[in-house]
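Novice: Mind looking over this structure? Questions follow.
Residue numbers (this note's numbering): 26 to 126.
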């Protein structure tokens, strides 16, 4: 039988998640998020899982900071997509105008 995850395990997963985000390794980040969710569920379901209130608050705070990082990366990627779409529209308009002349 596997041992239940600890707050230290969850913090270690957050370390790995942060490193993956900084490296742009989205596949690894996704795996970390899946692991984190499963381990948190298991930790909180076990007897005494809610006893370390300070540790849980610190973990939640770290998670919130990482979520802000994820949202920032998402917004940056969306900006690149919008710029790419605008460039494609401009190129198409140029080619259309050129073919009419």
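Quick reminder that beta carbons are idealized off the backbone N, C-alpha and C, glycines included. Just so we're clear, the structure is a prediction, and the values are computed from it rather than from any experiment.
1. How about residue 67 and residue 29: are their beta carbons less than 7 Å apart?
2. Please report the residue range of the alpha helix (DSSP H) in which residue 121 lies.
3. I think residue 47 touches residue 88, with their Cβ atoms under 8 Å apart; what is that distance to the nearest whole Å?
4. Would you check if the distance between the CB atom of residue 57 and the CB atom of residue 31 is smaller than 7 Å?
5. For chain D, check one thing: does any of its Cβ atoms lie closer than 7 Å to the Cβ of residue 65?
6. Does residue 50 come out as helix, strand or coil in the three-state DSSP assignment?
Specialist: Working from what's here:
1. Yes.
2. Looking at the DSSP string, the run of the alpha helix (DSSP H) that includes residue 121 is 78 to 125.
3. Contact between residue 47 and residue 88 is ruled out by a C-beta separation of about 16 Å, above the 8 Å threshold.
4. Note that the C-beta distance between residue 57 and residue 31 is not below 7 Å.
5. Annotation note: the requested chain D is absent from the structure, which comprises a single protein chain.
6. Annotated three-state conformation of residue 50 is coil, per DSSP.
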